[in-house]
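> Okay, here's the structure, questions in a sec.
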Amino acid sequence: MAREIVVMSLFLVGAFLMFLAGLGLLRMPDLFLRMSATSKAGSLGAGLVLLGAVVFFQDWGITARALATIVFLFLTAPVAAHMIGRAAYFDGVPLWKGTVRDDLRGHYKLSTHRLETQATPPDDKESIDAVVQRIDDH
Amino acid sequence: MSVFLLNVLLAIAWSALTGDFSPLNLGFGFVLAYGVLWLLTRKSSSRSYFLQIPRVIEFVFFFAWDVFKANVRMAITILSPQMRLRPAVVMVPLDMKNEIGIILLSNLITLTPGTLSLDISSDRKALFIHTLWVEDEEKFRAEIKSGYERRVKEIIEA
Amino acid sequence: MINTLFILILALLTAGFIAAFIRLVRGPYLPDRVVALDLISILVMGFIVVYAVRFNQAAYLDVAIILALITFLGTVAFAYYLERRA
Chain A
1 MAREIVVMSL FLVGAFLMFL AGLGLLRMPD LFLRMSATSK AGSLGAGLVL
51 LGAVVFFQDW GITARALATI VFLFLTAPVA AHMIGRAAYF DGVPLWKGTV
101 RDDLRGHYKL STHRLETQAT PPDDKESIDA VVQRIDDH
Chain B
1 MSVFLLNVLL AIAWSALTGD FSPLNLGFGF VLAYGVLWLL TRKSSSRSYF
51 LQIPRVIEFV FFFAWDVFKA NVRMAITILS PQMRLRPAVV MVPLDMKNEI
101 GIILLSNLIT LTPGTLSLDI SSDRKALFIH TLWVEDEEKF RAEIKSGYER
151 RVKEIIEA
Chain C
1 MINTLFILIL ALLTAGFIAA FIRLVRGPYL PDRVVALDLI SILVMGFIVV
51 YAVRFNQAAY LDVAIILALI TFLGTVAFAY YLERRA
């Protein structure tokens, strides 16, 4: 019985977190905020659900595989978020109009796709700002 | 590092001698070997390993608590009808030179809800972090540097 | 009791799935849709694990694990071509 309680509470919290990730994805106003919601609430939720399965089956083979998957999820979620965020910034996806500060602005070099610590002036052809409007209200 | 390998080796030897390779017995062997090595190296110079393990454990708890706090805050933000947001992309200069340390740091920052590490500058001197709520950039930078960077540095560079 | 809880868990997952699907349809940008697809596959993983426990079928878990591995590759490929396009 104790095992069922643990499994069910892990499942409930995990499912709730994944639901929050979905709701956040729907409600947040721009891509970067949406990724904030999905990349961790999603992977943490999935991790908890997998942990529930580990507690339920109590088998070493399953435990090893599930734990490896949890580690994999936690290693890859940040990488995926970084890659999508970077690609989206180059693609010209605007930030929400309520964003108070954008330190990335002008730091990417368009020709080389390198990220510099010194900002390129916005009138430079190398600056992304010459191509896209970063913060607009949609 | 070599102490760690010795520790793993001793754990395997324990499993081989007891004839039981189940993860539980391996883990028990590891703890046993850890204790033996701790006793043996008390007077020698290779003590950093024993300082590091408690640091790693402390960091895991610190991180788990941070994830919990931040998830609760995130849940409140998403569920409240009027989402209180003050997002910003902040550049945080890095003191750490070690590449593995930087990767670890940026991964950990992404995993705490509310902050998302977007990119690392090509010369590895600055980290660009997107955050849901920022009141004062300097305070945010100081939090990242003293909370995460310092701890990661202690673990990696010890 | 257990059955009611399972229904509640599946309802939560379904609600998340619907929200992610609306975002997938609405966009408005391609990266938004990529993020939505990413979350949908994580939700599908959750469904599979819950069903594996519900019907006591450990074999279903392997599907969830493979799905987690493949999703990451898909997202990385999407991001790669998105950046090439820009």
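Chains as they are written, first to last, in my numbering: chain A, 1 to 138; chain B, 1 to 158; chain C, 1 to 86. Cβ atoms here follow ideal geometry from the backbone N, Cα and C, with glycine treated the same way.
Output, in chain order, the set of chain A residues within a Cβ distance shorter than 9 Å of Leu37 (chain C).
Counting from one through the third sequence, the residue named residue 37 (chain C) turns up at place 37. Residues of chain A passing the Cβ test: none, with the nearest at roughly 11 Å.
> If we call anything under 7 Å between Cβ atoms a contact, is Leu26 (chain A) one with Ala37 (chain A)?
By one-based count along the first sequence, residue 26 (chain A) stands at place 26. By one-based count along the first sequence, residue 37 (chain A) stands at place 37. Taking 7 Å as the Cβ cut-off, Leu26 (chain A) and Ala37 (chain A) do not qualify as a contacting pair.
> Closer than 7 Å, CB to CB, is Ile66 (chain C) near chain A or not?
For the purposes of this step, residue 66 (chain C) is taken as the residue at position 66 of the third sequence. For Ile66 (chain C), the answer is no, since every Cβ of chain A falls outside 7 Å of its Cβ.
> Give me the Cα-Cα distance between Asp103 (chain A) and Ala81 (chain A), rounded to the nearest whole angstrom.
As a working note, residue 103 (chain A) is residue 103 in the first sequence. As a working note, residue 81 (chain A) is residue 81 in the first sequence. Spanning the two alpha carbons is a distance of roughly 18 Å.
> Opposite Asp30 (chain A) in the DSSP bridges: which residues?
The sequence position of residue 30 (chain A) within the first sequence is 30, counting from 1. Partner(s): none; Asp30 (chain A) has no beta bridge.
> Taking 7 Å as the CB-CB cut-off, is Asn25 (chain B) touching chain A?
In the second sequence, the residue the question calls residue 25 (chain B) occupies position 25. No, its Cβ sits nowhere closer than 7 Å to a Cβ of chain A.
> Can you tell me whether Glu149 (chain B) is buried or exposed? The criterion is at least 16 other CB atoms within 10 Å of its CB, across all chains shown.
The residue labelled residue 149 (chain B) in the question sits at position 149 within the second sequence. Glu149 (chain B) comes out buried.
> Rank B:Leu32, B:Leu24, B:Ser122, B:Leu37 by C-alpha distance to the C-alpha of Gly61 (chain A) and give the top, closest one.
Translated into the one-based positions of the first sequence, residue 61 (chain A) becomes position 61. For the residues B:Leu32, B:Leu24, B:Ser122, B:Leu37, the minimum Cα distance to Gly61 (chain A) belongs to B:Leu24.
> Between which two residues does the beta strand (DSSP E) containing Leu93 (chain B) stretch?
In the second sequence, the residue the question calls residue 93 (chain B) occupies position 93. One point to set straight first is that residue 93 (chain B) is Pro, not Leu, in the sequence displayed. Here the beta strand (DSSP E) through Pro93 (chain B) covers 88-93.
> Please state the DSSP three-state secondary structure of Leu12 (chain C).
Residue 12 (chain C) sits at position 12 when you count from the first residue of the third sequence. Of the three classes helix, strand and coil, the one that applies to Leu12 (chain C) here is helix, per DSSP.
> Write down the C-beta distance between Ile48 (chain C) and Ala64 (chain C) rounded to the nearest angstrom, noting that I regard them as a contact closer than 8 Å.
The count along the third sequence starts at 1 and reaches residue 48 (chain C) at position 48. The count along the third sequence starts at 1 and reaches residue 64 (chain C) at position 64. Correct: roughly 4 Å between the Cβ atoms.
> Along the chain, where does the beta strand (DSSP E) that runs through Leu118 (chain B) open and close?
As a first step, residue 118 (chain B) is located in the second sequence; it is residue number 118 there, counting from the start. Run containing Leu118 (chain B): 115-120, per the beta strand (DSSP E) assignment.
> Taking Val44 (chain C) as the reference, which of C:Arg84, C:Ala20, C:Met1, C:Ala79 has the closest Cα?
Position 44 of the third sequence holds residue 44 (chain C). Among C:Arg84, C:Ala20, C:Met1, C:Ala79, the Cα nearest to that of Val44 (chain C) belongs to C:Ala20.
> Could you name the residues of the same chain whose beta carbon sits closer than 7 Å to that of Pro93 (chain B), not counting the 5 residues immediately before and after it, in chain order?
Against the second sequence, residue 93 (chain B) aligns to sequence position 93. Cβ neighbours of Pro93 (chain B) beyond the five flanking positions: Lys125, Ala126.
> Could you tell me the alpha carbon to alpha carbon distance between Leu17 (chain C) and Val71 (chain A), rounded to whole angstroms?
Working through the third sequence from its first residue, we reach residue 17 (chain C) at position 17. Working through the first sequence from its first residue, we reach residue 71 (chain A) at position 71. The amino acid at residue 17 (chain C) is misidentified as Leu; the sequence shows Phe. Spanning the two alpha carbons is a distance of roughly 24 Å.
> Helix, strand or coil: which one does DSSP assign to Phe128 (chain B)?
On the second sequence, position 128 is the one that residue 128 (chain B) refers to. In the structure shown, Phe128 (chain B) sits in a strand (DSSP, three-state: E or B).
> Using the beta-carbon count (16 or more within 10 Å), is Lys139 (chain B) buried or exposed?
Numbered from its first residue, the second sequence carries residue 139 (chain B) at position 139. Exposed: under 16 other Cβ atoms inside 10 Å.
> Can you pull out the residues from the region 27-54 of chain A whose beta carbon lies closer than 9 Å to at least one beta carbon of chain B?
If the cut-off is 9 Å between Cβ atoms, the region 27-54 of chain A has Arg27, Met28, Pro29, Asp30, Phe32, Leu33, Met35, Ser36, Ala37, Ser39, Lys40, Ala41, Ser43, Leu44 near chain B.
> Counting beta carbon pairs with one atom in the region 49-57 of chain A and one in the region 68-85 of chain B, are three or more of them shorter than 8 Å?
Touching, no, given that fewer than three Cβ pairs across the two stretches are closer than 8 Å.
> Which residues mark the beginning and the end of the alpha helix (DSSP H) in which Met83 (chain A) is found?
Residue numbering aside, residue 83 (chain A) sits at position 83 when the first sequence is read from its first letter. From DSSP, the alpha helix (DSSP H) with Met83 (chain A) extends over 60-91.
> Please return the same chain residues whose Cβ sits closer than 6 Å to the Cβ of Leu61 (chain C), not counting the five positions on each side in sequence.
Translated into the one-based positions of the third sequence, residue 61 (chain C) becomes position 61. Cβ neighbours of Leu61 (chain C) beyond the five flanking positions: Ala52.
> With 16 other CB atoms within 10 Å as the buried threshold, where does Arg34 (chain A) fall?
Locating residue 34 (chain A) in the first sequence gives position 34, where the first residue counts as 1. With 16 or more other Cβ atoms within 10 Å, it is buried.
> Does the beta carbon of Arg101 (chain A) sit closer than 7 Å to a beta carbon anywhere in chain B?
Position 101 of the first sequence, counted from the start, is the residue given in the question as residue 101 (chain A). Closer than 7 Å to some Cβ of chain B, the Cβ of Arg101 (chain A) qualifies, so yes.
> Would you tell me roughly how many angstroms separate the C-alpha atoms of Val72 (chain B) and Arg105 (chain A), rounded to the nearest one?
Within the second sequence, residue 72 (chain B) is the residue found at index 72, counting from 1. Within the first sequence, residue 105 (chain A) is the residue found at index 105, counting from 1. C-alpha separation (whole angstroms): 31 Å.
> So if DSSP puts Arg101 (chain A) in a beta bridge, which residue, or which two residues, is it bridged to?
Counting from one through the first sequence, the residue named residue 101 (chain A) turns up at place 101. Paired residues: B:Ala88.
> Comparing C-alpha positions only, which one of A:Lys40, A:Val13, A:Gly22, A:Phe57 sits nearest to Arg33 (chain C)?
On the third sequence, residue 33 (chain C) is found 33 positions in, with the first residue counted as 1. When only C-alpha atoms are compared, the closest one is A:Gly22.
> Give the C-beta separation of Leu116 (chain B) and Ser39 (chain A) to the nearest angstrom, bearing in mind that I take them to be a contact with Cβ-Cβ under 8 Å.
Counting from one through the second sequence, the residue named residue 116 (chain B) turns up at place 116. Counting from one through the first sequence, the residue named residue 39 (chain A) turns up at place 39. The pair is a contact, with the Cβ atoms about 7 Å apart (cut-off 8 Å).
> Determine the chain A residues that contact Phe128 (chain B) at a beta-carbon separation under 7 Å, and present them in chain order.
Taking the second sequence and counting its residues from 1, the one referred to as residue 128 (chain B) is at position 128. By Cβ distance, chain A contributes Asp103, Leu104.
> Here's the rule: buried if 16 or more other CB atoms are within 10 angstroms of the residue's CB, otherwise exposed. What is Thr18 (chain B)?
Residue numbering aside, residue 18 (chain B) sits at position 18 when the second sequence is read from its first letter. By the 10 Å Cβ count, Thr18 (chain B) comes out exposed.
> Can you name the residues of chain B whose CB is closer than 8 Å to the CB of Arg86 (chain A)?
Position 86 of the first sequence, counting from 1, holds the residue named residue 86 (chain A). Per Cβ cutoff of 8 Å: Leu118, Asp119.
> Exposed or buried, what is Asp38 (chain C) when buried is set at 16 or more other beta-carbons lying within 10 Å of its beta-carbon?
Position 38 of the third sequence holds residue 38 (chain C). The residue is buried, with at least 16 neighbouring Cβ atoms inside 10 Å.
> Does any residue of chain A bring its CB to less than 7 Å from the CB of Val44 (chain C)?
As a working note, residue 44 (chain C) is residue 44 in the third sequence. Chain A contact via Cβ: absent.
> Rounded to the nearest angstrom, what separates Ala87 (chain A) and Glu154 (chain B) at their Cα positions?
As a first step, residue 87 (chain A) must be located in the first sequence, where it is residue number 87. As a first step, residue 154 (chain B) must be located in the second sequence, where it is residue number 154. Spanning the two alpha carbons is a distance of roughly 33 Å.
> Along chain B, which residues have their Cβ under 9 Å away from the Cβ of Ala81 (chain A)?
To locate residue 81 (chain A), count along the first sequence from 1; it is residue 81. Neighbours of Ala81 (chain A) on chain B, chain order: Thr110, Leu116, Ser117, Leu118.
> Is any beta-carbon of chain B found at less than 7 Å from that of Arg114 (chain A)?
Here the question's residue 114 (chain A) lines up with position 114 in the first sequence. Chain B contact via Cβ: present.
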